[in-house]
Amino acid sequence: EDQVTQSPEALRLQEGESSSLNCSYTVSGLRGLFWYRQDPGKGPEFLFTLYSAGEEKEKERLKATLTKKESFLHITAPKPEDSATYLCAVRSVQGAQKLVFGQGTRLTINP
Amino acid sequence: DAGITQSPRYKITETGRQVTLMCHQTWSHSYMFWYRQDLGHGLRLIYYSAAADITDKGEVPDGYVVSRSKTENFPLTLESATRSQTSVYFCASSDLDAANTGELFFGEGSRLTVL
Numbered sequence: 047e048d049q050v051t052q053s054p055e056a057l058r059l060q061e062g063e064s065s066s067l068n069c070s071y072t073v074s075g076l077r078g079l080f081w082y083r084q085d086p087g088k089g090p091e092f093l094f095t096l097y098s099a100g101e102e103k104e105k106e107r108l109k110a111t112l113t114k115k116e117s118f119l120h121i122t123a124p125k126p127e128d129s130a131t132y133l134c135a136v137r138s139v140q141g142a143q144k145l146v147f148g149q150g151t152r153l154t155i156n157p
Numbered sequence: 206d207a208g209i210t211q212s213p214r215y216k217i218t219e220t221g222r223q224v225t226l227m228c229h230q231t232w233s234h235s236y237m238f239w240y241r242q243d244l245g246h247g248l249r250l251i252y253y254s255a256a257a258d259i260t261d262k263g264e265v266p267d268g269y270v271v272s273r274s275k276t277e278n279f280p281l282t283l284e285s286a287t288r289s290q291t292s293v294y295f296c297a298s299s300d301l302d303a304a305n306t307g308e309l310f311f312g313e314g315s316r317l318t319v320l
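Going down the list, the protein sequences come from chains A and B.
Whatever position you read off the first sequence (first residue = 1), add 46 for our numbering.
Whatever position you read off the second sequence (first residue = 1), add 205 for our numbering.
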């Protein structure tokens, strides 16, 4: 059974204080690992797709990296508008179009 | 307006009643999905559809029924609502290319409370 575990559950940072969010996964043949951002009361919004170990993707202050067992979402010099819940999901070779999501990390950036 | 819309946004019902949550997308995306989001469980897939008249079960399909007679609509019906179905329900869509990249486009959610 495919599983995704995210840590920490919640993280509070000061503006400008860089940090990383973790996504550990167990999947029978990874076909993709995905990061989404979710604002309160809204649906998730797609950020990145990573396909293989060693791959990296960047968008503004966010950088996602992937190893064979986990992915990190690095946040550099965050701003208050980066506050959101960040979701990680995986899709397996057998999973067709099904994404399995983790529980998310709720990130708060204080000004 | 273009995009994906869900209705109603908020619904309160009683145990045993039938409830239908509507989802409409204007992109002509082939894939549509229903997820539920609960504290402690994250997003879990209920049903998905690859095209009109093609649906398949997800992780938690029991107690739910879907249909897709038109590409743009994907209603989710709770035939006899239970308290355990109190949740926030998200509809999502994608075309084949986006589905391969994992890029789903989500609606804003329908918050359902079953008393």
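Glycine is no exception: its CB is placed at the ideal position from the N, C-alpha and C atoms.
Among residues of its own chain, excluding the 5 on either side of A/T111, which ones have a beta-carbon nearer than 6 Å to its beta-carbon?
The sequence position of residue 111 of chain A within the first sequence is 65, counting from 1. E102, F118, listed in sequence order.
Quick one: any contact between the stretch 70-90 of chain A and the stretch 132-143 of chain A, if contact means 3 or more CB pairs under 8 Å?
yes
Looking at chain A, is there any beta carbon in it that lies within less than 7 Å of the beta carbon of B/L281?
By 1-based counting over the second sequence, the position of residue 281 of chain B is 76. Taking Cβ atoms only, chain A never reaches closer than 7 Å to B/L281, which makes this a no.
Could you tell me if B/A297 is buried or exposed, where buried requires 16 or more neighbouring beta carbons within 10 angstroms of its beta carbon?
Position 92 of the second sequence, counted from the start, is the residue given in the question as residue 297 of chain B. Result: buried.
Mind pulling the beta strand (DSSP E) runs of 3 or more residues that sit fully within the stretch 222-270 of chain B?
224-230, 236-243, 247-256, 259-262
At a CB-CB cut-off below 7 Å, which residues of chain A make contact with B/T306?
Your numbering for residue 306 of chain B matches position 101 in the second sequence. Chain A residues near B/T306: T95.
Are the stretch 283-301 of chain B and the stretch 257-265 of chain B touching by the rule of at least three beta carbon pairs closer than 8 Å?
no
Using a C-beta cutoff of 7 Å, does B/L301 count as contacting chain A?
Locating residue 301 of chain B in the second sequence gives position 96, where the first residue counts as 1. Chain A, which has no Cβ nearer than 7 Å to the Cβ of B/L301, makes this no.
Rounded to the nearest angstrom, what separates B/T220 and A/S64 at their Cα positions?
Sequence index remark: in the second sequence, residue 220 of chain B carries index 15 (1-based). Sequence index remark: in the first sequence, residue 64 of chain A carries index 18 (1-based). Going by the C-alpha atoms only, they are around 47 Å apart.
Under a CB-based cut-off of 7 Å, is B/G208 close to chain A?
Within the second sequence, residue 208 of chain B is the residue found at index 3, counting from 1. Not one chain A Cβ lies under 7 Å of B/G208.
Looking at the C-beta of B/Y236, does it have a partner C-beta in chain A at a distance below 7 Å?
As a first step, residue 236 of chain B is located in the second sequence; it is residue number 31 there, counting from the start. Yes, B/Y236 counts as interfacial toward chain A.
So that I know if they touch, is there some Cβ in chain B lying closer than 7 Å to that of A/K125?
Here residue 125 of chain A is taken as the residue at index 79 of the first sequence, counted from 1. No - not a single Cβ of chain B is within 7 Å of the one on A/K125.
Using beta-carbon positions only, say whether B/F295 and B/Y252 come within less than 7 Å of one another.
Here residue 295 of chain B corresponds to residue number 90 of the second sequence, with the count starting at 1. Here residue 252 of chain B corresponds to residue number 47 of the second sequence, with the count starting at 1. No; because the gap between Cβ atoms is not below 7 Å, this pair is not in contact.
Taking buried to mean at least 16 other C-beta atoms within 10 Å of its own C-beta, is A/L79 buried or exposed?
The residue labelled residue 79 of chain A in the question sits at position 33 within the first sequence. Burial call: buried.
Can you give, in chain order, each stretch of the beta strand (DSSP E) that sits fully within the stretch 98-154 of chain A and has at least 3 residues?
102-105, 108-112, 116-121, 130-138
Near-chain B residues of the stretch 73-84 of chain A (beta-carbon distance less than 7 Å), N- to C-terminal order:
G78, F80
Coarse secondary structure for B/R288, derived from DSSP in three states:
Residue mapping note: residue 288 of chain B aligns to position 83 of the second sequence, counting from 1. Three-state DSSP puts B/R288 in a helix.
Give the DSSP bridge partners of A/G78, in chain order.
Walking along the first sequence from the start, residue 78 of chain A turns up at place 32. Beta-bridge pairing links A/G78 to A/R137.
Quick one: residues in its chain with C-beta nearer than 6 Å to the C-beta of A/L113, no 5 flanking neighbours on either side, listed in chain order?
Within the first sequence, the letter at position 67 stands for residue 113 of chain A. Note on identity: in this sequence residue 113 of chain A is Thr, with Leu being the wrong assignment. Same-chain partners within the cutoff: A99.
Spatial neighbours of B/R222 within its chain, please: C-beta separation below 6 Å, excluding the five flanking residues on both sides.
Translated into positions along the second sequence, residue 222 of chain B becomes position 17. Excluding sequence neighbours, B/R222 sits near A286.
Determine, using beta carbons only, whether B/L248 comes closer than 7 Å to chain A.
Looking up residue 248 of chain B in the second sequence gives position 43. Closer than 7 Å to some Cβ of chain A, the Cβ of B/L248 qualifies, so yes.
Taking C-beta pairs closer than 8 Å, name the residues in chain B that A/P54 reaches, listed in chain order.
As a working note, residue 54 of chain A is residue 8 in the first sequence. What A/P54 touches in chain B: nothing, since even the nearest Cβ is about 15 Å away.
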